[in-house]
Amino acid sequence: MIKLSGFNKIKTSVFISGKGSNLKNLFKFSLKRKSPIEIVLVVSNNSKAKGLVFAKKKNVKNKVFNFINKKDAENEILKELEKEKVDLICLAGFMRVLSKTFIQKFKGKIINIHPSLLPKYKGLNTHLRAIKNKDKYSGCTVHFVNSKIDSGKIILQKKIRIKKKESPRSLSRRVLKEEHILYPKAIKKIFSNF
Ligand code: GRF
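Under this note's numbering, think of the first position of the sequence shown as 13, with each following residue one higher.
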């Protein structure tokens with residue numbers, strides 16, 4: 013648990029690559045008086061990410077970084093994070109793997125949401141894999157990020173039942189709804205004395 017003393021909200025950066033529904037949801041959450049976070053920077057590796065349109069609309073500082081050279085991109089991001097005094101990074105559909113060096117610099121301050129019941133189905137295509145394996149349950153997990161993919165300490169999980177004849181698409185839609193509830197809950201949990 014991260015202990016806080018003052019009343020200032022935690023300056024948070026959300027990393028995205030695509031649609032940004034979790035970003036939208038975290039933004040809405042951040043505006044609540046009791047939310048421990050404020051979103052000061054949106055980072056994307058993809059200039060076409062729809063989430064960027066949302067960030068612009070809400071006047072949240074947003075920047076695109078080209079990951080062709082990962083080291084350069086990460087160094088640029090670190091500069092930006094320092095400039096904005098960021099203390100928490102929320103990965104929300106960010107499709108690049110951050111380096112060990114980067115993660116080390118933000119140790120214990122990077123969290124991620126993943127659409128499966130970790131440790132099951134790390135990586136991609138989680139819904140398809142769960143359905144193919146005839147699993148009874150799927151869900152989502154918020155966890156701390158360490159240098160191994162989708163392997164850091166779990167903060168919270170939500171389990172839902174997989175329906176008969178469920179498609180990966182319908183399961184993804186149902187899990188995403190749960191993600192939008194779980195991510196703010198997990199943030200509240202790690203800053204529970206805020
Ligand atoms: C979510 O399912 C999240 O769990 C995964 O990527 C998806 C991102 O969706 N890591 P969105 O861009 O937040 O809508």
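Think of the CB as a built atom: it goes at the ideal place given N, C-alpha and C, for glycine as much as any other residue.
Small disclaimer: the values here were computed from a predicted structure and weren't measured.
Complete runs of the beta strand (DSSP E) confined to the stretch 84 to 109 [at least 3 residues] | 100 to 103
Run of the alpha helix (DSSP H) containing G63, from where it starts to where it stops = Residue 63 sits at position 51 when you count from the first residue of the sequence shown. Element bounds for G63: K62 to K69.
For the alpha helix (DSSP H) that contains K197, what are its first and last residues?
-> As a position in the sequence shown, residue 197 is number 185, starting the count at 1. It spans P180 to I202 - the alpha helix (DSSP H) in which K197 sits, taken as one unbroken run.
Return helix, strand or coil for F156, following the three-state DSSP convention.
-> As a working mapping, residue 156 is identified with position 144 in the sequence shown. F156: strand per DSSP, three-state reduction.
Hey, how far is the Cα of I167 from the Cα of H155?
-> Walking along the sequence shown from the start, residue 167 turns up at place 155. Walking along the sequence shown from the start, residue 155 turns up at place 143. Spanning the two alpha carbons is a distance of roughly 5 Å.
Assign N20 to buried or exposed, taking buried as 16 or more other Cβ atoms, counted over all protein chains shown, within 10 Å of its Cβ.
-> Within the sequence shown, numbered from 1, the residue matching residue 20 stands at position 8. Counting Cβ neighbours within 10 Å, N20 comes out exposed, since fewer than 16 surround it.
Straight-line Cα distance separating N81 from Y195 = For the purposes of this step, residue 195 is identified with residue 183 of the sequence shown, where counting begins at 1. For the purposes of this step, residue 81 is identified with residue 69 of the sequence shown, where counting begins at 1. Their backbone Cα atoms lie some 30 Å apart in a straight line.
Check whether the Cβ of I125 sits closer than 6 Å to any heavy atom of the ligand GRF, and report yes or no.
-> Residue 125 sits at position 113 when you count from the first residue of the sequence shown. Yes, the Cβ of I125 comes within 6 Å of a heavy atom of the ligand GRF.
Under 7 Å Cβ to Cβ from F77, same chain only, skipping five residues before and after it: list those, please.
-> Numbered from its first residue, the sequence shown carries residue 77 at position 65. Same-chain partners within the cutoff: V55, N57, A85, E88 and I89.
Below 6 Å CB to CB, which residues in the same chain sit around S33 once its five sequence neighbours on both sides are set aside?
-> As a working note, residue 33 is residue 21 in the sequence shown. Cβ within range, chain order: n/a, list empty.
Are at least three pairs of beta-carbons, each pair with one atom in the stretch 170 to 187 and one in the stretch 136 to 153, less than 8 Å apart?
-> yes
Among V72, N145 and K171, the one whose alpha carbon lies nearest that of F27 | Mapped onto the sequence shown, residue 27 falls at position 15. Ranking the options by Cα distance to F27, first place goes to V72.
If you check the beta carbons only, do C152 and E92 fall under 7 Å apart?
-> Position 140 of the sequence shown, counting from 1, holds the residue named residue 152. Position 80 of the sequence shown, counting from 1, holds the residue named residue 92. Not a contact, by the Cβ cut-off of 7 Å.
Kindly list the residues whose CB is nearer than 8 Å to the CB of E50, restricted to its own chain and excluding five residues on each side of it in sequence; keep chain order.
-> Start at 1 with the first residue of the sequence shown, and residue 50 comes out as number 38. Correct list, in chain order: K21, I22, K23, T24 and S42.
Compute the minimum distance between the beta carbon of A142 and the heavy atoms of the ligand GRF, and state whether it is under 6 Å.
-> For this step, residue 142 is matched to residue 130 along the sequence shown. No, the beta carbon of A142 sits no closer than 6 Å to any heavy atom of the ligand GRF.
Could you tell me if S29 is buried or exposed, where buried requires 16 or more neighbouring beta carbons within 10 angstroms of its beta carbon?
-> Taking the first residue of the sequence shown as position 1, residue 29 is located at position 17. When all chains shown are included, S29 counts as buried.
Taking K83 as the reference, which of R108, V65, E94 and L103 has the closest Cα?
-> As a working mapping, residue 83 is identified with position 71 in the sequence shown. Ranking the options by Cα distance to K83, first place goes to R108.
Between K46, A104, R173 and S204, which lies nearest to L53 when the distance is taken from Cα to Cα?
-> One-based indexing of the sequence shown puts residue 53 at position 41. Ranking K46, A104, R173 and S204 by Cα distance to L53 puts A104 first.
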